[in-house]
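For the sequence shown, position 237 (counting from the first letter as 1) is numbered 574 according to this note's numbering, and the numbering increases by one without interruption. Data first, discussion second: the structure below is written as structure tokens.
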Amino acid sequence: MTTSPDDSYQDLGEFHDLFMTAPWDRLRPALRTAFGSLDPGATILDLGAGTGLGTRTLAAVTRARIVAIEPSRTMRAVLTARVADDADLAHRVTVRAGLLPDALDDVRWPAAGFVCAHMLGHLSADTRAATFDRLRTLLAPGAVGLVTVEPDGTEAATGTLTQERQIGDLRYVARYLPLPDGNRYVSEYEVRDGELVLRQERFAGTWEPLTLDQLRQELAGTGLSARPHGDGAALVSLEPHP
Ligand SMILES: C[S@@+](CC[C@H](N)C(=O)[O-])C[C@H]1O[C@@H](n2cnc3c(N)ncnc32)[C@H](O)[C@@H]1O
338 MTTSPDDSYQ
348 DLGEFHDLFM
358 TAPWDRLRPA
368 LRTAFGSLDP
378 GATILDLGAG
388 TGLGTRTLAA
398 VTRARIVAIE
408 PSRTMRAVLT
418 ARVADDADLA
428 HRVTVRAGLL
438 PDALDDVRWP
448 AAGFVCAHML
458 GHLSADTRAA
468 TFDRLRTLLA
478 PGAVGLVTVE
488 PDGTEAATGT
498 LTQERQIGDL
508 RYVARYLPLP
518 DGNRYVSEYE
528 VRDGELVLRQ
538 ERFAGTWEPL
548 TLDQLRQELA
558 GTGLSARPHG
568 DGAALVSLEP
578 HP
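Right, dumping it as structure tokens:
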């Protein structure tokens with residue numbers, strides 16, 4: 338199986354997790370309303386689960402089982418350790434290696450829902466279409482998917498975002514710089530001991546921002562539809578049969 342031929346998170350993965358706590362705290366209410374009433378026999382797919390902060394947040398608001406799919410070996414190592422270290426997560430969460438859309442071939446119908454957070458912009462439009470096409474066949478009637486979306490063009494961030502975290506004696510600084518074309522970005526990380534910069538790493542990646550309107554356009558005619566669901570998120574569900 339193809340897992341990650343070009344793993345852009347191989348080195349970035351060391352730092353990414355440190356700056357995802359606030360985004361997941363913001364998504365928690367939306368996760369609870371979407372998945373909080375599922376029963377323990379249901380399965381939710383966490384697509385591009387990363388290091389599992391979202392998987393853990395999801396598990397805290399639902400009794401359902403979770404299949405967490407992640408292609409990057411670095412990200413998956415943290416995800417697997419996070420799951421293995423907690424008895425409840427180890428009981429309910431299955432970690433699978435794989436790239437979308439092919440990784441969905443290993444998933445059994447029915448899925449009671451899915452989460453696709455902070456990752457759709459990594460996929461090409463063709464890969465997104467193939468992923469949603471496969472998801473459509475996996476979803477149980479009434480299932481919903483929670484997808485993060487970008488603010489529309491007028492509100493999209495253009496400046497550098499800086500975040501900091503203290504871990505022990507060292508300070509981790511992240512700078513996220515969108516490039517003018519909007520489809521590429523650079524992220525920089527520094528590890529500092531006081532004024533001394535111990536390490537500095539810079540990563541260039543691709544990211545195609547996807548707004549709710551664009552998502553709706555991409556889903557038109559697929560049998561799926563999207564509607565807003567809280568701050569920066571949308572719910573994707575099967576359209577009723579005519
Ligand atoms: C920004 S991280 C977000 C991780 C996690 N969803 C979160 O919000 O914390 C994006 C993740 O998408 C994964 N990813 C990228 N391309 C993918 C693909 N084709 N299939 C599945 N996951 C993919 C990356 O390996 C990475 O872990």
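The C-beta atom is built at its ideal place from N, Cα and C for all residues, glycine as well.
Any non-hydrogen atom of ligand 1 within 8 Å of residue i CB
i    : result
A541 : no
E407 : yes
T464 : yes
D344 : yes
W361 : yes
A563 : no
H455 : yes
L460 : yes
G435 : yes
D383 : yes
A396 : no
G387 : yes
L475 : no
A418 : no
G450 : no
L390 : yes
Q379 : Sequence inspection shows Ala at residue 379; the Gln mentioned does not correspond to that position. No, since every heavy atom of ligand 1 falls outside the 8 Å radius drawn around the Cβ of A379.
H566 : no
H428 : no
Within-9 Å CB hit, residue i to chain B
i    : result
R529 : Among the chains in the structure shown there is no chain B, since it carries only a single protein chain.
6 Å Cβ shell around residue i - same chain, five flanking residues per side excluded
i    : result
T431 : V404
T491 : Low per-residue confidence applies at T491: pLDDT is 49, beneath 50, and the placement is therefore not dependable enough to give any value.
L390 : M357 and W361
V484 : C453, A571 and V573
D383 : T392, I403, A405 and V452
H455 : T485
E532 : none
Y526 : F352, A511 and E538
R471 : P438 and L441
R564 : L572
R502 : L355 and Y509
Residues of its chain near residue i, where Cβ-Cβ distance is below 7 Å and the 5 sequence neighbours each way are ignored
i    : result
R465 : L457 and E555
Y346 : H353, S409, T411 and M412
Cβ-Cβ separation, residue j to residue i (assumed contact under 8 Å), whole Å
i    : j    : result
P580 : T394 : For the chain, the structure presents residues 338 to 579; residue 580 sits outside this window and is missing.
G479 : I381 : Wrong, their Cβ atoms sit about 13 Å apart, outside the cutoff.
G542 : R521 : 7 Å
Identified DSSP bridge partners for residue i
i    : result
T394 : Paired residue(s): none; T394 is not in a bridge.
P565 : A571
G482 : F451 and V573
Y509 : R502 and V528
T417 : Answer by DSSP bridge pairing: none, since T417 is not bridged.
P515 : Y522
G378 : DSSP output for G378 lists no bridge partner at all.
A541 : V523
T370 : Paired residues: none, contrary to the question.
Cut-off 8 Å between Cβ atoms - residues of its own chain near residue i, not counting five sequence neighbours on either side
i    : result
V398 : R365, L368, R369, F372 and G373
T548 : V486, E487, P488, D489 and G490
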